[in-house]
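Numbering (the working numbering), first residue to last: 22 to 547.
Pasting the structure below:
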């Protein structure tokens, strides 16, 4: 049941609202209302809060961020993400500007709320404080993206005029991280552990996002402590089935800490049409996994496929692999939502065969997460909720932060093993503590396979400073045995991924913003 129903949009410096709920019973007659007539009632405060939620990521973010990493690829050459994959972008590109603008629009909506909400006449201070906690959490969340993409960015926490915005300077990123963590911490105090309306920010969400932010900032002791706060709430746990975690049946389950709610026909998403195999819904596949994504999944005995003692058979490459491989990626032999068997081998005669059409996968793989048979008849009208933060990530944040802080103890193994021991995953437990380097390799792999195609990999490889190693090269797909039994690997020599270590760890400040405000300096080598 979707309860965060009212959809509002706040545009520019004025308060612009239009709203509806699932039954289309609540609307504001005018879609333009001034602050003088709006900030009067509790409902105004609720509607203004809901407006800030609309700036959460669009469905494409969950795949396109990974496409710019080593584990995914955008197949449409004209898409900005594809151009970023090839390293051929600059400060004028729309994606560079849109991420900046969308984040600051959300921040602006939050600032407008925080500036005006105390004008509301009410005796229900608990409600107002809760809404403030929600909005402050969302504002801090938007700043995470700005900090990881651009580094130093203007820190704007009050309503400002257009003229004032043209005089802003970039705040050192360390100060931005200070603000983000402080906001999450203070917001958590204002928030309930459980919300009656699903999809709203909770205390756990604020604390969990703080743990993520502190990990991204490289403040490992603090990140571990923040993750432990979430663990100690005793509210969240792992859902019993990884395979079903991203289905309608599992919505709002015990693992979900924060998600973007969707409603068919009212506030749908198009995640199904973005990633579905051609034989299920014939259109251009806009996102596909790469060979690197598949190769990261270890054997069920816990060994890497490159280990000669692992038992890996390249002619049966998907046998005895970490079950999360098939739960996350359609590989040859997988069952599709329409009940057919996925066979992407060249010449297989199916709609998914590489080379069958421009709509077929180019790598031999398709993503499975969030693809539900309920959406087959209306692929652009999915009501599946998209998870922003879940408990498995908290466990892995805790483990990674402790490892990086040099504080490796049994609790680290416990956190990693809890993720690996989910009933339908059941990967071997890590029995003993290794060196910091070995533990780092282990937890990074665990993040890659557990959180694949959830929009986190791009940010991980950048903060680990390994993007320059894992991204560049010719795009590779599946390895298969041809009719003669000879092993062949799909290679797309016309598409070469690029990552420039001297430039690409930060995006450029959008050229348009610098033209409007010369005080905004540019990042190195842009």
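Idealized CB from N, CA, C, for every residue including glycine.
| field | Cα-Cα separation between residue 253 and residue 229, rounded to whole angstroms | value | Position 232 of the chain shown, counting from 1, holds the residue named residue 253. Position 208 of the chain shown, counting from 1, holds the residue named residue 229. Residue 253 and residue 229: Cα-Cα distance of roughly 12 Å.
| query | Per DSSP, what kind of secondary structure is residue 187 in: helix, strand or coil? | reply | Here residue 187 is taken as the residue at index 166 of the chain shown, counted from 1. The answer is coil: DSSP assigns residue 187 none of H, G, I, E or B.
| said: Going by DSSP, what residue range makes up the alpha helix (DSSP H) through residue 166? | reply: Counting from 1 along the chain shown, the entry for residue 166 is found at position 145. Where residue 166 is concerned, the enclosing alpha helix (DSSP H) stretches over 146–171.
| For residue 310, the residue or residues it bridges with in DSSP | By one-based count along the chain shown, residue 310 stands at place 289. Per DSSP, 93.
| request: Express the C-alpha separation of residue 465 and residue 329 in angstroms, rounding to a whole number. | output: Numbered from its first residue, the chain shown carries residue 329 at position 308. Numbered from its first residue, the chain shown carries residue 465 at position 444. Cα to Cα, the separation comes out at about 22 Å.
| message | For the ligand COA, is there any heavy atom lying closer than 7 Å to the beta carbon of residue 75? | response | Questions concerning the ligand COA fall outside what the structure shown contains, since it holds no ligand whatsoever.
| Just to confirm, are residue 156 and residue 217 a CB contact at a threshold of 8 Å? | Within the chain shown, the letter at position 135 stands for residue 156. Within the chain shown, the letter at position 196 stands for residue 217. Not in contact: residue 156 and residue 217 (Cβ atoms no closer than 8 Å).
| task | With distances taken Cα to Cα, identify the nearest neighbour of residue 186 among 177, 194, 192. | result | Mapped onto the chain shown, residue 186 falls at position 165. The residue with the shortest Cα to Cα distance from residue 186 is 177.
| message | Comparing C-alpha positions only, which one of 126, 131, 127, 102 sits nearest to residue 117? | response | In the chain shown, the residue the question calls residue 117 occupies position 96. Residue 117 has its Cα closest to that of 102, out of 126, 131, 127, 102.
| request: Taking only the alpha-carbon atoms, compute the straight-line gap between residue 58 and residue 73 and give it to the nearest angstrom. | output: The residue labelled residue 58 in the question sits at position 37 within the chain shown. The residue labelled residue 73 in the question sits at position 52 within the chain shown. Spanning the two alpha carbons is a distance of roughly 19 Å.
| query | What residue from 104, 119, 531, 371 has the CA that sits closest to residue 382's CA? | reply | Looking up residue 382 in the chain shown gives position 361. Of the listed residues, the one whose Cα sits closest to residue 382 is 371.
| task | Could you tell me whether the segment 456–474 touches the segment 342–355, using the rule of 3 or more Cβ pairs below 8 Å? | result | yes
| Extent of the continuous alpha helix (DSSP H) run through residue 226 | Here residue 226 corresponds to residue number 205 of the chain shown, with the count starting at 1. First-last of the alpha helix (DSSP H) with residue 226: 224–237.
| field | Extent of the continuous alpha helix (DSSP H) to which residue 83 belongs | value | Walking along the chain shown from the start, residue 83 turns up at place 62. Here the alpha helix (DSSP H) through residue 83 covers 82–88.
| request: Run the CB neighbour count on residue 521, radius 10 Å, all protein chains shown included, and call it buried at 16 or more, exposed below. | output: Looking up residue 521 in the chain shown gives position 500. Result: exposed.
| Count the other CB atoms within 10 Å of the CB of residue 503; is the residue buried (16 or more) or exposed (fewer)? | In the chain shown, the residue the question calls residue 503 occupies position 482. By the neighbour-count rule (16 or more Cβ atoms within 10 Å), residue 503 is not buried but exposed.
| field | Rounded Cβ spacing between residue 293 and residue 396 (contact assumed at less than 8 Å) | value | The residue labelled residue 293 in the question sits at position 272 within the chain shown. The residue labelled residue 396 in the question sits at position 375 within the chain shown. With 8 Å as the limit, residue 293 and residue 396 qualify as a contact, their Cβ atoms being about 4 Å apart.
| said: With three or more C-beta pairs closer than 8 Å as the rule, is the segment 195–203 touching the segment 167–176? | reply: yes
| task | Work out the CA separation of residue 250 and residue 285 for me, nearest whole Å. | result | Numbered from 1 along the chain shown, position 264 holds the residue referred to as residue 285. Numbered from 1 along the chain shown, position 229 holds the residue referred to as residue 250. Cα-Cα distance, rounded: 35 Å.
| Neighbourhood of residue 346 by C-beta, 6 Å cutoff - its chain only, sequence neighbours within 5 removed | Reading the chain shown from its first residue, position 325 is the one you call residue 346. Hits under 6 Å: 318.
| Just the Cα atoms here: how many angstroms apart are residue 273 and residue 419? | Counting from one through the chain shown, the residue named residue 273 turns up at place 252. Counting from one through the chain shown, the residue named residue 419 turns up at place 398. The straight-line gap from Cα to Cα measures roughly 23 Å.
| query | residue 219: which of 436, 277, 208, 188 sits nearest, CA to CA? | reply | Position 198 of the chain shown, counted from the start, is the residue given in the question as residue 219. Nearest of 436, 277, 208, 188 to residue 219, Cα basis: 277.
| request: Tell me whether residue 46 sits in a helix, a strand or coil according to DSSP, three-state version. | output: Reading the chain shown from its first residue, position 25 is the one you call residue 46. Any answer about residue 46 is weak, because its pLDDT of 22 lies below 50 and its placement is not dependable; what the coordinates show is given next. Correct three-state label for residue 46: coil.
| request: Quick one: residues in its chain with C-beta nearer than 6 Å to the C-beta of residue 359, no 5 flanking neighbours on either side, listed in chain order? | output: Here residue 359 corresponds to residue number 338 of the chain shown, with the count starting at 1. So the qualifying residues of the chain are 301.
| query | Can we say the segment 398–413 touches the segment 324–344, given the rule of at least three CB pairs closer than 8 Å? | reply | no
| Can you give the Cα-Cα distance for residue 524 and residue 547, rounded to whole angstroms? | On the chain shown, position 503 is the one that residue 524 refers to. On the chain shown, position 526 is the one that residue 547 refers to. Roughly 7 Å between the two C-alpha positions.
| field | Those residues which DSSP pairs with residue 410 across a bridge | value | Along the chain shown, read from residue 1 onward, the residue named residue 410 stands at position 389. Looking at the DSSP assignment, residue 410 forms a beta bridge with 279.
| query | Is the beta carbon of residue 275 sitting closer than 8 Å to the one on residue 260? | reply | Here the question's residue 275 lines up with position 254 in the chain shown. Here the question's residue 260 lines up with position 239 in the chain shown. Cβ distance < 8 Å, so residue 275 and residue 260 count as in contact.
| query | Rounded to a whole number of angstroms, what is the C-alpha to C-alpha distance between residue 488 and residue 154? | reply | Within the chain shown, numbered from 1, the residue matching residue 488 stands at position 467. Within the chain shown, numbered from 1, the residue matching residue 154 stands at position 133. Their backbone Cα atoms lie some 35 Å apart in a straight line.
| field | Close beta carbons around residue 50, own chain, < 8 Å, minus the five adjacent residues each side | value | For the purposes of this step, residue 50 is taken as the residue at position 29 of the chain shown. A caution first: residue 50 carries a pLDDT of 33, below 50, which makes its placement in the model unreliable, though a value can still be read off. So no residue of the chain qualifies.
| said: Below 8 Å on the Cβ atoms is my contact criterion, and I expect residue 448 with residue 429 to pass it. Report the Cβ-Cβ distance as a whole number of Å. | reply: Walking along the chain shown from the start, residue 448 turns up at place 427. Walking along the chain shown from the start, residue 429 turns up at place 408. Not really, about 20 Å apart at Cβ, beyond 8 Å.
| field | Within 8 Å, strictly: CB atoms of residue 484 and residue 237 | value | Mapped onto the chain shown, residue 484 falls at position 463. Mapped onto the chain shown, residue 237 falls at position 216. Yes, the pair counts as a contact, with Cβ atoms nearer than the cut-off.
| message | For residue 309, count the other beta carbons within 10 Å of its own beta carbon; 16 or more makes it buried, fewer makes it exposed. Which is it? | response | Residue 309 sits at position 288 when you count from the first residue of the chain shown. That one is buried.
| said: I need the straight-line Cα distance from residue 93 to residue 389, nearest angstrom please. | reply: Position 72 of the chain shown, counting from 1, holds the residue named residue 93. Position 368 of the chain shown, counting from 1, holds the residue named residue 389. Computed Cα separation, rounded: 13 Å.
| Touching by the beta-carbon criterion (3+ pairs, under 8 Å), the segment 533–541 and the segment 103–111 | no
| field | Simplified DSSP state of residue 101, which is helix, strand or coil | value | Here residue 101 refers to the residue found at position 80 when the chain shown is read from its first residue. Helix.
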